[in-house]
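**Q** Take this structure, written in structure tokens, and hold onto it; I'll ask about it next.
Number of protein chains: 2
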Amino acid sequence: VRLFLVSILAMMTASAVAADDTALREEANAIFNPLPHAPPTLAGNPFNTDKVELGKLLFFDPRLSSSGAISCSTCHDLAEGGADKLSKSIGHGGQEGRRNAPTVFNSVFNIALFWDGRARTLRQQARGPIESAVEMNNTPEALVATLKGIPAYVEKFSKAFPEQEEPLNYDNVTKALESFQSTLLTPDSPFDRFLRGEDKAMSELQLRGLRQFIGQGCVTCHRGTNVGGNAFFTFGMMIAPEVRVRPVNDHGRMEVSGRSLHDYTFRVASLRNVARTAPYFHSGIIWDLREAVRIMAKSQLNATLTDNDVEEIVAFLGSLSGTLPQVDQPTLPEATKATPKPVE
Amino acid sequence: VRLFLVSILAMMTASAVAADDTALREEANAIFNPLPHAPPTLAGNPFNTDKVELGKLLFFDPRLSSSGAISCSTCHDLAEGGADKLSKSIGHGGQEGRRNAPTVFNSVFNIALFWDGRARTLRQQARGPIESAVEMNNTPEALVATLKGIPAYVEKFSKAFPEQEEPLNYDNVTKALESFQSTLLTPDSPFDRFLRGEDKAMSELQLRGLRQFIGQGCVTCHRGTNVGGNAFFTFGMMIAPEVRVRPVNDHGRMEVSGRSLHDYTFRVASLRNVARTAPYFHSGIIWDLREAVRIMAKSQLNATLTDNDVEEIVAFLGSLSGTLPQVDQPTLPEATKATPKPVE
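Structure representation (structure tokens):
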């Protein structure tokens, strides 16, 4: 009889958990979307594999910079969660950038690019680092001249943009980069598998963290496909964070819009792969995810989390680490005698 | 009858070429060795796959540098022929190095490392860039402290060096790097396939180039497995090269040995993949392989080559481009709150 009762009890518990999971899954699916396995359609930039391959070469090619030493992958290193493990990236001539480099992974699903959202598309975004004096320090004209001096690139642009007469131009550089970057997805995280209906994809601790993440109100901003990345909010909506975390000389989106309403407003960070992309925030000085969670709870929700709350939420955030794309080292096309050389 | 004669003539020519190829192959095999498919045994550093995998992570990890921004692959980019496409590499704080970065590919078969040969093994060599103020600007102590602060590295060192009690130490960092680099081979070039007996592996032009390469005397220095890399010779044995190509303030091996005999003496460059590793020479200002061949012929052999000679030799050098190893982007271990942070 005792054994029988134990069995009944075990069955009841299992069924209660299952019912509970189903309700949580429904709630979560109303807030989030699983990350797709395939890139979305890019407006004005139809997909073809030659373009993706070209974009991959450009992404890894330091000749996009005037010094010939800095590539997209310098700061958006696929080995380092699609970013770098620095507070601020180091660019042209050893200069330090102004804000922490965001990850390139899944960035195609963000509403806009850069912390202040000043680029609407990855295509627009690509111009930023190329032309920035502290990053690649190049010009569209010089870059196109360099690429035109590399015969294999001339050929690859023709293949990638077969309908065009003069395919090697700056616009197509950014289109190819956008195409490649749109393929850098990290699907099938435990959270995605949970959303799609897979039982036991997430641990009990992670599920409790998800409940906290919803219940505490984190989902006000961090929602959708990228668990963030799709809206703008003020950093410090409730309580201003410490000055070292929110430096007073970085006014975020206000610098773009000119509207005081946007002071300290930033694009909400995507939390996908957040466990892989320390340090955190635009200021990049917080290296501990626990600390980052506490800062967000306080500044955005005026909530003081217990150690247990933090542990659960951090466990949930760990479930947002997806399968990294396998990207092998490309072989960059050779220059010729006629190719413009790096500027010393 | 005419058809018959043509056939006979064609057969005779074919057989003459075949006989000729066989003789050339024998001669070449007495001078060169085909590149092996597997790494050689490393003295004092037995092979195991965990060690190679660890070495790969270290090779790609910018946390080997004090700034956290420069990895081995920054200057020895597998996408760029195992080097970079710069006259001189750019290191810590944007500083320019002194000599052109040599390729990491097949470097395990060189007699010594660095242009002046000051390191006998890749293991010794690894200390150079890590500790150089213009490269990674790190110290053994700081590097070991950083790695000890990354739990996954602690585990990986234990697996790679299972017999040791304190495996995470500087010596083992260099051993793991040596292990990984010893696997970066580019076998099966047309030249290797020719040496191994494959007919038509090299074009007629390339074979004429090989004859020139032997006949002109290039093989005095460029021989063995790496078609160079296994001896020291003075740059300018016959005629001093232009000062821009051989700067007067770089005395090569004399700076290491203190012997005036070694003034302007350098380790002979390996010519494997030379078509992929412009710019050339320790000074890194010559971008055109044709020009590099002319400079070598003049300075080392006092030979003035015709355009045709140069074309043939450059074609032969093209036959030294082997199959690049497929290396996918690794995923670097995560730091923790306790991991020492990059020095600003």
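Line by line, the protein sequences give chains A and Z.
According to the numbering used here, numbering within the first sequence proceeds without interruption in unit steps and concludes at 344.
According to the numbering used here, numbering within the second sequence proceeds without interruption in unit steps and concludes at 688.
We treat Cβ as the ideally placed atom computed from N, Cα and C, and that holds for glycine.
1) Just tell me which of A/GLN95, A/LEU271, A/LEU64 and A/GLN124 has its CA closest to the CA of A/ALA335.
2) Can you name the residues that DSSP bridges to A/ILE90?
3) What residue range does the beta strand (DSSP E) around Z/ARG611 cover?
4) Closer than 8 Å, CB to CB, is Z/GLY437 near chain A or not?
5) Using beta carbons (cut-off 8 Å, strictly below), is A/PRO342 in contact with chain Z?
6) Going straight from the alpha carbon of A/ARG196 to that of A/LEU35, what length do you get?
7) Would you say Z/ILE434 faces chain A, with C-beta separation under 8 Å as the test?
8) Z/SER411 touches chain A at which residues, Cβ-Cβ below 9 Å?
9) What number of angstroms, rounded off, separates the C-alpha of Z/ASN373 from the C-alpha of Z/LEU554?
10) Using 8 Å as the cut-off, can you tell me whether the region 628-646 of chain Z makes contact with the region 524-541 of chain Z, which would need three or more C-beta pairs spanning the two stretches below that distance?
11) Give the DSSP-derived three-state secondary structure of A/PHE213 in the structure shown.
12) Whole angstroms are fine: how far does the CA of A/HIS92 sit from the CA of A/GLY68?
13) The beta strand (DSSP E) with Z/PHE458 in it runs from where to where?
14) Name the one or two DSSP bridge partners that A/THR234 has.
15) What's the gap between the Cα of A/MET237 and the Cα of A/THR265?
16) With 16 as the cutoff for other CB atoms within 10 Å, does Z/GLU509 come out buried or exposed?
17) Under 8 Å, do A/LYS51 and A/LYS175 count as touching if we go by C-beta distance?
18) For the alpha helix (DSSP H) holding Z/ALA520, just list the boundary residues, first then last.
19) Is Z/PRO674 close to chain A, meaning its C-beta is less than 8 Å from at least one C-beta of that chain?
20) Contact criterion: CB-CB distance below 8 Å. Does Z/LEU668 meet it with respect to chain A?
21) Check the DSSP bridge columns for A/ALA119 and list the partner residues they point to.
22) Just the chain Z side, please: which residues come within less than 9 Å of A/PHE157 by C-beta, in chain order?
23) Using a Cβ cut-off of 8 Å (strictly closer), state whether Z/LYS681 contacts chain A.
24) Going by Cα to Cα distance, which pick from A/GLU135, A/GLY217 and A/ASN230 is closest to A/THR304?
25) Under 8 Å between C-beta atoms, does A/ARG63 make it to chain Z?
26) So, is the C-beta of Z/LEU649 closer than 8 Å to a C-beta in chain A?
27) Who are the Cβ neighbours of Z/GLU440 in its own chain at under 7 Å, not counting the five residues just before and after it?
28) Looking only at DSSP bridge pairs, what is Z/GLY596 linked to?
29) If I measure Cβ to Cβ from A/ASN273 and keep anything under 7 Å in the same chain, skipping five residues before and after, which residues do I get?
30) Kindly list, in the order they appear in chain Z, the residues whose Cβ is closer than 7 Å to that of A/ASP288.
31) By how many angstroms is the C-alpha of Z/HIS566 removed from the C-alpha of Z/LEU368?
32) Over the uninterrupted alpha helix (DSSP H) stretch that includes A/ILE295, give me the two end residues.
33) Are at least three pairs of beta-carbons, each pair with one atom in the region 595-607 of chain Z and one in the region 460-478 of chain Z, less than 8 Å apart?
34) Which stretch, first to last residue, makes up the alpha helix (DSSP H) that contains Z/ALA413?
35) Where does Z/ILE494 sit, in a helix, a strand or coil, going by DSSP?
**A** On the basis of the supplied data:
1) Numbered from 1 along the first sequence, position 335 holds the residue referred to as residue 335 of chain A. For A/ALA335, the nearest C-alpha among the options comes from A/LEU64.
2) Mapped onto the first sequence, residue 90 of chain A falls at position 90. In the DSSP output, where bridge partners are listed per residue, A/ILE90 has A/GLU96.
3) The residue labelled residue 611 of chain Z in the question sits at position 267 within the second sequence. Per DSSP, Z/ARG611 belongs to the beta strand (DSSP E) from 609-611.
4) Translated into positions along the second sequence, residue 437 of chain Z becomes position 93. Closer than 8 Å to some Cβ of chain A, the Cβ of Z/GLY437 qualifies, so yes.
5) Here the question's residue 342 of chain A lines up with position 342 in the first sequence. True, the Cβ-Cβ gap to chain Z drops below 8 Å.
6) Within the first sequence, residue 196 of chain A is the residue found at index 196, counting from 1. Within the first sequence, residue 35 of chain A is the residue found at index 35, counting from 1. Rounded to whole angstroms, A/ARG196 to A/LEU35 spans 10 Å at the Cα level.
7) Numbered from 1 along the second sequence, position 90 holds the residue referred to as residue 434 of chain Z. Chain A, which has a Cβ nearer than 8 Å to the Cβ of Z/ILE434, makes this yes.
8) Translated into positions along the second sequence, residue 411 of chain Z becomes position 67. Per Cβ cutoff of 9 Å: LEU86, ILE90 and GLY94.
9) If you number the second sequence from 1, residue 373 of chain Z lands on position 29. If you number the second sequence from 1, residue 554 of chain Z lands on position 210. Z/ASN373 and Z/LEU554: Cα-Cα distance of roughly 12 Å.
10) no
11) If you number the first sequence from 1, residue 213 of chain A lands on position 213. In the structure shown, A/PHE213 sits in a helix (DSSP, three-state: H, G or I).
12) Walking along the first sequence from the start, residue 68 of chain A turns up at place 68. Walking along the first sequence from the start, residue 92 of chain A turns up at place 92. If I take the Cα positions, the gap works out to 10 Å.
13) Counting from 1 along the second sequence, the entry for residue 458 of chain Z is found at position 114. For Z/PHE458, there is no enclosing beta strand (DSSP E), as DSSP marks it with neither H nor E.
14) For the purposes of this step, residue 234 of chain A is taken as residue 234 along the first sequence, with counting starting at 1. A/THR234 pairs with A/THR265.
15) One-based indexing of the first sequence puts residue 237 of chain A at position 237. One-based indexing of the first sequence puts residue 265 of chain A at position 265. Their Cα atoms are separated by approximately 9 Å.
16) Against the second sequence, residue 509 of chain Z aligns to sequence position 165. Answer is exposed; the Cβ neighbour count stays below 16.
17) Start at 1 with the first residue of the first sequence, and residue 51 of chain A comes out as number 51. Start at 1 with the first residue of the first sequence, and residue 175 of chain A comes out as number 175. For the pair A/LYS51 and A/LYS175, the CB atoms are nearer than the 8 Å cut-off.
18) As a working mapping, residue 520 of chain Z is identified with position 176 in the second sequence. Residues 514-526.
19) Counted from its first residue, the second sequence places residue 674 of chain Z at position 330. True, the Cβ-Cβ gap to chain A drops below 8 Å.
20) Here residue 668 of chain Z refers to the residue found at position 324 when the second sequence is read from its first residue. Yes, Z/LEU668 lies at the interface with chain A (some Cβ there is under 8 Å from its Cβ).
21) Working through the first sequence from its first residue, we reach residue 119 of chain A at position 119. Answer is A/LEU113, bridged to A/ALA119.
22) Against the first sequence, residue 157 of chain A aligns to sequence position 157. Contact note: A/PHE157 does not reach chain Z at a C-beta cutoff of 9 Å; the least C-beta distance is about 19 Å.
23) As a first step, residue 681 of chain Z is located in the second sequence; it is residue number 337 there, counting from the start. It does: the Cβ of Z/LYS681 has a partner Cβ on chain A nearer than 8 Å.
24) Along the first sequence, read from residue 1 onward, the residue named residue 304 of chain A stands at position 304. Looking from the CA of A/THR304, the closest CA among A/GLU135, A/GLY217 and A/ASN230 belongs to A/GLY217.
25) By one-based count along the first sequence, residue 63 of chain A stands at place 63. Yes, contact with chain Z.
26) Indexing the second sequence from 1 puts residue 649 of chain Z at position 305. False, the Cβ-Cβ gap to chain A never drops below 8 Å.
27) For this step, residue 440 of chain Z is matched to residue 96 along the second sequence. Closer than 7 Å at Cβ, skipping near neighbours: LYS432 and ILE434.
28) Within the second sequence, the letter at position 252 stands for residue 596 of chain Z. Answer by DSSP bridge pairing, in chain order: Z/THR609.
29) Translated into positions along the first sequence, residue 273 of chain A becomes position 273. Only GLY81, THR103, PHE105, THR186, LEU320, SER321 and GLY322 meet the Cβ criterion.
30) By 1-based counting over the first sequence, the position of residue 288 of chain A is 288. Within chain Z, the residues near A/ASP288 are LYS681.
31) Counting from one through the second sequence, the residue named residue 368 of chain Z turns up at place 24. Counting from one through the second sequence, the residue named residue 566 of chain Z turns up at place 222. Roughly 17 Å separates the two Cα atoms.
32) Along the first sequence, one-based indexing puts residue 295 of chain A at 295. That run of the alpha helix (DSSP H) goes 289-301.
33) yes
34) Your numbering for residue 413 of chain Z matches position 69 in the second sequence. It is not in any alpha helix (DSSP H) - Z/ALA413 carries neither H nor E in the DSSP assignment.
35) The residue you call residue 494 of chain Z lines up with position 150 of the second sequence. If DSSP states are grouped into helix, strand and coil, Z/ILE494 belongs with coil.
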